[in-house]
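In what follows, a single structure is set out as structure tokens and then discussed.
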Amino acid sequence: MRLILSIPFLAIVILAYILLAVLGGMIDPLSTVWNGVLPSADELFLDAGSFFLIAGLFGLFLEILKAARLSSGTIADHMLSTATFIGALIAFLLLPGCGNATFLMLTIMALIDVVAGYSVSILSARRDYTVSHSDGGL
538 MRLILSIPFL AIVILAYILL AVLGGMIDPL STVWNGVLPS ADELFLDAGS FFLIAGLFGL
598 FLEILKAARL SSGTIADHML STATFIGALI AFLLLPGCGN ATFLMLTIMA LIDVVAGYSV
658 SILSARRDYT VSHSDGGL
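Per the working numbering, the very first residue in the sequence shown carries number 538; after that it's consecutive.
Right, dumping it as structure tokens:
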């Protein structure tokens, strides 16, 4: 269970995008996946790209929550988040089907996850580490 929780949630979203858009050719970022009418009588169209961005935002939120706790797996979480960002950046640059605004936003979310994870960990560690000032006595 602990191993499953160490997998970055953004990695799952990014892998799903790659599998559906690139390998399967099953998804067009502009294809409508849901539509509905709002109480204001406006019609809302949710395309596949927006769906992945919403899923990415939820994943980013969960990753920041994971970064707020310090545990023995914190370093592994940081390494996996960094690997997710590097993998997403390589996919954005090299894989056909990933060179679009939707995947760029997912890649930026992975970068924010890396920066936020390290920042939160450093700030938490600094807060936990205190140096006592003494007046020469014990």
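Cβ coordinates follow ideal geometry from the N, Cα and C atoms, glycine included.
Separation of Leu594 from Phe582, as counted between CA atoms:
18 Å
Anticipated Cβ contact below 8 Å, Ile549 with Gly596, distance rounded
7 Å
Within 8 Å, do at least three Cβ pairs link the stretch 558-569 to the stretch 611-623?
no
Continuous alpha helix (DSSP H) assignments of at least 4 residues falling wholly in the stretch 609-658
611-631
Whole-number beta carbon distance between Phe629 and Leu648, since they are thought to touch under 8 Å
Rounded, the Cβ-Cβ distance is 11 Å, inconsistent with contact.
Since Met646 and Leu547 are thought to touch, with beta carbons under 8 Å apart, how far apart are those beta carbons, to the nearest angstrom?
6 Å
Proximity below 8 Å, CB of Leu689 to CB of Ile555:
The structure shown does not extend to residue 689, since the chain spans only 538 to 675, so no value can be given for it.
Between which two residues does the alpha helix (DSSP H) holding Val559 run?
Where Val559 is concerned, there is no enclosing alpha helix (DSSP H), given that its DSSP letter is neither H nor E.
Coarse secondary structure for Ser669, derived from DSSP in three states:
For Ser669, the predicted model reports a pLDDT of 47, less than 50, meaning its position is unreliable; a value from the coordinates is still stated below. Ser669: coil per DSSP, three-state reduction.
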